[in-house]
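Numbering (this note's numbering), first residue to last: 153 to 428.
Beta carbons are placed, not taken as given, at the ideal position from N, Cα and C, and that holds for glycine.
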Ligand code: GLU
């Protein structure tokens, strides 16, 4: 069993991250498995070295350990280019230079991954791509490629459950996701995450319920690329409605701030209601 904690160094870790990391390591321990740390630093406009340094420091302070070397996605951009090229060759991608404003003006509704792209550029051919264009997956075409059911096992509840993914769900709630970001050419989270989960032989993805809505697109990408689908365990969030006693904590306060104020890792566990 191999799982991973995959933070993006775009800001300091806060209590929600602590809960997530502790859950990843707890699930790994329950399975006598391994928890990897992966740095998802593909968004070059938002990533900062100090936040990456914070991640190592905060996790070590919480008492967590991970095998090294750690995979840093920014060291492997050519891997993601190669994965994207495979989808391009299958005719499943199109270039898109739409700005957020244009997407909103085209009547986009909000979905699981920000705006559901209304398909404005979907008829564009890849040979019309400008260097600054983004690249999207054509979900309608991609779904025609898939001959088996899209499904995954959800292990986050009291019993594992088989989740069937309906094609309409992907079309309606996510739409055509970005694979390469416009302007920077950075690989998208979806592409890099799906590739790395396969490369690192992740058998169980443990992450927050806030990302559950994106799992259908990850499963679709896994099928298109011939990658196995891991088990998913979407854990509750610290902000869980039922966690009334958590209501008074400051969710956006950096973990390092609590540390500087003299909190112990035990205090953090108690504050976020983490048991185990
Ligand atoms: N890098 C993502 C984040 O920080 C998490 C990705 C994942 O666990 O799949 O939100």
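1) Let's see if you can read the secondary structure: which residues bound the alpha helix (DSSP H) around residue 101?
2) Give a single yes or no on whether residue 158 has its beta carbon closer than 7 Å to a heavy atom of the ligand NAD.
3) Does DSSP put residue 239 in a helix, in a strand, or in coil?
4) At which residue ranges does the segment 162-241 contain complete beta strand (DSSP E) runs of 3 or more residues, listed in the order of the chain?
5) Which residues in the same chain as residue 436 place their Cβ atom closer than 7 Å to its Cβ, once the five residues preceding and following it in sequence are excluded?
6) Looking at residue 244: is its Cβ nearer than 8 Å to the Cβ of residue 293?
7) Out of curiosity, what's the CA-to-CA distance linking residue 411 and residue 401?
8) Leaving out five residues before and five after residue 397 in sequence, what residues of the same chain have Cβ atoms less than 6 Å from its Cβ?
9) What would DSSP say about residue 345, mapped onto helix, strand or coil?
10) Measure the beta-carbon distance from residue 286 to residue 332 and round it to whole angstroms, keeping in mind my assumption that it falls under 8 Å.
11) Let me know if residue 353 comes out buried or exposed under the rule of 16 or more other beta-carbons within 10 Å of its beta-carbon.
12) What separation, rounded to the nearest whole angstrom, lies between the Cα atoms of residue 340 and residue 195?
13) Smallest Cα separation from residue 324: which of 226, 202 and 265?
In short:
1) Within the shown structure, residues of the chain are numbered from 153 to 428, placing residue 101 beyond reach of any answer.
2) Of the ligands this structure carries, namely the ligand GLU, none is the ligand NAD.
3) Within the chain shown, residue 239 is the residue found at index 87, counting from 1. Helix.
4) 186-191
5) Nothing can be reported for residue 436: it is not among the residues displayed for the chain, which extend from 153 to 428.
6) Translated into positions along the chain shown, residue 244 becomes position 92. Translated into positions along the chain shown, residue 293 becomes position 141. For residue 244 and residue 293, yes; Cβs fall inside 8 Å.
7) In the chain shown, counting from the first residue as 1, residue 411 sits at position 259. In the chain shown, counting from the first residue as 1, residue 401 sits at position 249. The alpha-carbon atoms of residue 411 and residue 401 are separated by roughly 15 Å.
8) The residue labelled residue 397 in the question sits at position 245 within the chain shown. Residue placement at residue 397 cannot be trusted, given a pLDDT of 49 that sits under 50; the coordinates are not used to answer.
9) Residue 345 sits at position 193 when you count from the first residue of the chain shown. Residue 345 falls in the helix class under three-state DSSP.
10) To locate residue 286, count along the chain shown from 1; it is residue 134. To locate residue 332, count along the chain shown from 1; it is residue 180. Right, the Cβ-Cβ distance comes to about 6 Å (below 8 Å), so this counts as a contact.
11) Taking the first residue of the chain shown as 1, we reach residue 353 at position 201. The residue in question, residue 353, is exposed, as its Cβ has fewer than 16 Cβ neighbours within 10 Å.
12) Within the chain shown, numbered from 1, the residue matching residue 340 stands at position 188. Within the chain shown, numbered from 1, the residue matching residue 195 stands at position 43. C-alpha separation (whole angstroms): 8 Å.
13) As a first step, residue 324 is located in the chain shown; it is residue number 172 there, counting from the start. The shortest Cα separation from residue 324 among 226, 202 and 265 belongs to 265.
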